[in-house]
Amino acid sequence: MRLSRYFLPVLKETPAEAQIVSHRYMLRAGMIKQASAGIYSWLPLGFKVLRKIEDIIHEEQQRAGHIPMLMPTLQSADLWRESGRYDDYGEEMLRIRDRHDRDILYTPTAEELITDIFRAHVSSYRDLPLTMYQIQWKFRDEIRPRFGIMRGREFYMKDGYNFDLTKADAMHAYNRHLVSYLRTYERMGLQAIPMRADSGPIGGDDTHEFLVLAETGESEVFFDNAITELKIGDREIDYGDKAQCQAVLEEFTSRYARTDETHDEALFNEIPEERRRSARGIEVGQIFYFGTKYSEPMGATVQDADGNDVAVHMGSHGIGVSRLLGAIIEASHDGKGIIWPEGVTPFHAGIVNLRQGDAGTDAASERLEAALIERGLDPLYDDTEERPGAKFATMDLIGLPWRITVGPRDLAQGVVELASRRTGESERLSVDAAVDRVAQIYGA
RNA sequence: CGGGGCGUAGCGCAGUCUGGUAGCGCACCUGUUUUGGGAACAGGGGGUCGGGAGUUCGAAUCUCUCCGCCCCGACCA
1 MRLSRYFLPV LKETPAEAQI VSHRYMLRAG MIKQASAGIY SWLPLGFKVL
51 RKIEDIIHEE QQRAGHIPML MPTLQSADLW RESGRYDDYG EEMLRIRDRH
101 DRDILYTPTA EELITDIFRA HVSSYRDLPL TMYQIQWKFR DEIRPRFGIM
151 RGREFYMKDG YNFDLTKADA MHAYNRHLVS YLRTYERMGL QAIPMRADSG
201 PIGGDDTHEF LVLAETGESE VFFDNAITEL KIGDREIDYG DKAQCQAVLE
251 EFTSRYARTD ETHDEALFNE IPEERRRSAR GIEVGQIFYF GTKYSEPMGA
301 TVQDADGNDV AVHMGSHGIG VSRLLGAIIE ASHDGKGIIW PEGVTPFHAG
351 IVNLRQGDAG TDAASERLEA ALIERGLDPL YDDTEERPGA KFATMDLIGL
401 PWRITVGPRD LAQGVVELAS RRTGESERLS VDAAVDRVAQ IYGA
């Protein structure tokens with residue numbers, strides 16, 4: 001992409017309303033624009049990152065055997081009256097009336113609708129287990145939206161639902177989600193710690209929240225620091241293997257890690273003092289097992305092997321997709337701007353032409369751009385007439401992890417500069433060598 | 001919802017107390033000189049002051065009213 005042809009409205013000044021770093025940088029980097037309180041437009045750069053995050057989630061969900069689908073944002077109130085949540089959910093649910101005076105609502109979550117789909121089409125235990133998910137916009141009419149995308153009213157969420165014959169099967173679905181979520185967050189360059197949590201309005205017994213540690217987090221968390229050593233890495237996971245998934249769950253949840261909702265001071269104090277940590281965290285996902293809470297009132301049953309009708313065991317599992325952008329920025333930035341992890345960066349590398357219009361730097365920059373595209377990479381070439389300082393500042397702000405600087409000084413030596421946004425370190429390489437290095441970094 | 005605050009050019013703000021017909025910086029347009037960390041000079045365009053009503057010879061400024069937004073608190077992916 002040529003920057004001169006792109007839409008990247010960066011701001012030099014920080015908008016007054018932005019209090020936290022992710023909100024400030026998302027506005028300054030031209031990623032989002034507020035449409036009204038807690039509701040944002042996703043400008044091209046922000047949209048690109050949102051898609052990257054979404055792609056990773058899709059890959060990891062499908063790797064775990066979960067089936068993608070899509071449900072509507074507007075849903076009939078009748079379904080929610082069946083589960084009792086139309087009244088229970090409170091003011092947070094956005095209620096709308098259509099021209100026929102029918103009550104509809106903007107989905108804050110989708111247990112009712114998926115259960116309705118399930119009961120209409122599944123009647124045998126042989127069709128289980130079944131886990132489906134979607135990535136769809138949600139709306140919760142927060143009393144006070146804040147922190148930009150982190151607590152918006154409209155937000156983009158992955159929500160998955162499992163249907164199983166027994167509690168044991170449903171717990172395997174729970175474990176699969178935990179494992180797949182750990183992998184998902186790691187691929188985004190995040191450490192998200194599963195913590196025992198409170199179930200809130202979704203209801204249920206077993207639930208873990210995934211928290212990214214950050215000073216600006218809204219949750220107070222307490223944990224054994226040993227848990228921060230744990231990594232999924234690139235180990236092979238067989239999602240059909242119940243024992244293996246259970247073992248991962250035990251590995252990642254046996255250490256003390258709780259939010260303030262479930263914090264137990266006595267248990268916490270059993271941790272050796274040097275490993276005890278209290279900090280703040282951003283909630284980026286939650287998994288629930290809630291048994292027959294929805295299947296029973298809504299009649300989602302199957303016939304078991306003995307011919308008995310039994311209510312299915314269910315769970316639901318969410319990842320805040322749009323919130324993840326904020327969480328990633330909170331976890332990865334410096335005083336100059338964002339530092340994207342390679343897994344979610346909007347462009348793989350930036351090309352900075354220090355003297356636009358100079359035949360030599362123009363030709364080298366274009367050669368770099370073409371060669372990177374040839375390798376299947378997506379570079380952002382700053383071909384504007386800005387001065388070098390302004391170009392560097394913009395690149396630093398939007399946070400591409402790798403920058404290739406093409407200037408007359410280095411080019412006279414036959415080299416360009418490849419610099420890491422994260423470390424600031426750079427090396428001088430020929431154009432071809434720089435392309436190889438970037439391709440190697442991305443495994444392209 | 002309780003408390004606090006704001007709404008003046010795309011962005012950040014001054015002007016409001018003490019009414020006299022709108023200004024600064026950045027951004028934008030044109031030109032010249034520049035170009036390895038947010039260039040300089042010259043020229044130029046753009047707002048009727050969140051909406052409505054009122055007071056007044058005259059309202060960004062005073063009064064009433066409506067709307068929007070932000071911050072602090074209790075709730076939440």
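Note that the first sequence covers residues 1 to 444 in the working numbering. Every residue, glycine too, gets a C-beta built ideally from N, C-alpha and C.
Does the beta-carbon distance from residue i to residue j come in below 8 Å?
i    : j    : result
A433 : L368 : no
L213 : A279 : yes
I287 : T207 : yes
V302 : I57  : no
G337 : A29  : yes
T259 : E186 : no
M71  : Q19  : no
P44  : M188 : no
I271 : Y294 : no
I282 : E218 : yes
I39  : G148 : no
V21  : I404 : no
H317 : G160 : yes
D103 : A64  : no
L11  : D382 : no
R95  : L105 : yes
C245 : H172 : yes
Could you spell out the range, first to last residue, of the alpha helix (DSSP H) harbouring residue i?
i    : result
Y181 : K167 to R187
P297 : S295 to M298
I57  : P44 to R63
I114 : E111 to H121
R437 : V431 to I441
R140 : Note, R140: premise wrong, no alpha helix (DSSP H); not H, not E.
R85  : R85 to D88
F210 : No alpha helix (DSSP H) contains F210, which is instead part of the beta strand (DSSP E) from D206 to L213.
E265 : E265 to F268
Using the beta-carbon count (16 or more within 10 Å), is residue i buried or exposed?
i    : result
E111 : buried
S365 : buried
K158 : buried
H66  : buried
T423 : exposed
Q413 : exposed
R5   : exposed
A300 : buried
L74  : exposed
F290 : buried
F7   : exposed
A16  : exposed
A327 : buried
H177 : buried
T14  : exposed
R140 : buried
Provide the residue span of the beta strand (DSSP E) that contains residue i, from first to last.
i    : result
I339 : Note, I339: premise wrong, no beta strand (DSSP E); not H, not E.
E525 : Nothing can be reported for residue 525, as the shown portion of the chain is limited to 1 through 444.
D198 : It is not in any beta strand (DSSP E) - D198 carries neither H nor E in the DSSP assignment.
Y256 : Taken as a continuous stretch (DSSP letters only), Y256 belongs to no beta strand (DSSP E), as it is neither H nor E.
D164 : E154 to D164
Among the residues of its own chain, which have a CB less than 8 Å from the CB of residue i, if the five just before and after it don't count?
i    : result
T345 : V49, K52, G399, L400 and P401
F347 : M1, K48, D378, P379, L380 and L400
L397 : V10, Y25, R28, A29, K336, G337 and I338
Within its chain, find whatever has a CB closer than 7 Å to the CB of residue i; leave out the 5 residues flanking it on each side and keep chain order.
i    : result
V415 : R428, L429 and S430
S124 : V302 and Q303
Leaving out the 5 sequence neighbours to the left and right, which residues in its chain are closer than 6 Å to residue i when beta-carbon positions are compared?
i    : result
T292 : A311
T384 : L3 and S4
A419 : R403 and S426
L130 : F163
Y86  : A77 and W80
Is residue i near the ligand ZN, with its Cβ less than 7 Å from a heavy atom?
i    : result
H208 : The ligand ZN is not part of this structure, which contains no ligands at all.
* **Complete runs of the beta strand (DSSP E) confined to the stretch 270 to 324 [at least 3 residues]** => 276 to 291, 301 to 303, 309 to 311 and 313 to 320
* Asked: Which full runs of the beta strand (DSSP E) of 3+ residues lie inside the stretch 341 to 418, going along the chain?
  -> 349 to 353, 379 to 382 and 402 to 406
* Asked: Fully enclosed by the stretch 218 to 244, which alpha helix (DSSP H) runs are 4 residues long or longer?
  -> none
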